[in-house]
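What follows is one structure encoded as structure tokens, with my remarks underneath.
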Amino acid sequence: MTRDENLKGRWEGLQKKLSNQFADGESMDLDAIIYVIGVQELGQPHKKFKKDHKIDLMHIAICRLLEPYGYYEFDYFDEDGWPHYKILEQLPTLKAGEQSVLMKEAIVNYFINNQYID
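The opening residue of the sequence shown carries number 26 in this note's numbering; numbering runs sequentially from there.
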């Protein structure tokens with residue numbers, strides 16, 4: 026099985042598992058999964074968030090997801106408990122498809138490292 030086929034299979038399995046847990050089986054897209062990761066990283070899963078905070082949560086998730094790739098590094102928690110990251114390296118210019126593959130790979134690795142999937 027090629028790397029891409031392996032990633033595709035893991036992504037689809039993860040997407041289904043998350044969709045069943047968080048969306049009553051309705052398929053969650055990439056942005057919805059990134060949002061869930063942001064909520065997880067903030068550690069306030071039962072809080073209702075306004076639109077501005079939802080964008081901030083997605084930013085937290087993206088920083089956390091790309092941290093192992095050397096693009097971001099955790100810096101500190103602010104007085105409200107929100108994590109802050111510093112940029113270590115600018116992201117390369119990627120086509121939409123390449124960006125999607127990078128994020129899916131990072132998400133799959135995140136959930137493997139957190140023992141949510143194998």
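Here a beta-carbon is modelled for each residue, glycine too, at the ideal position from N, C-alpha and C.
Let me know the secondary structure DSSP gives I142 once reduced to three states.
-> coil
Report the three-state DSSP secondary structure of P70 (helix, strand or coil).
-> coil
Given a threshold of 16 other Cβ atoms within 10 Å of its Cβ, counted over all protein chains shown, does L119 qualify as buried or as exposed?
-> exposed
Check whether the segment 28-37 touches the segment 117-136, counting contact only when three or more Cβ pairs, one atom from each stretch, lie closer than 8 angstroms.
-> yes
Among residues of its own chain, excluding the 5 on either side of N102, which ones have a beta-carbon nearer than 8 angstroms to its beta-carbon?
-> First, the amino acid is wrong: residue 102 is Phe here, not Asn. Excluding residues within five positions, the ones whose Cβ falls inside 8 angstroms are P108 and H109.
From the DSSP output, read off the bridge partner residues of Y97.
-> I112
Cβ contact (3+ pairs, closer than 8 angstroms) linking the segment 89-100 and the segment 68-78 | no
Locate the alpha helix (DSSP H) running through S44, then write down its first and last residues.
-> R28 to F47
Determine the direct distance from the alpha carbon of L91 to that of S52, and round the result to whole angstroms.
-> 24 angstroms
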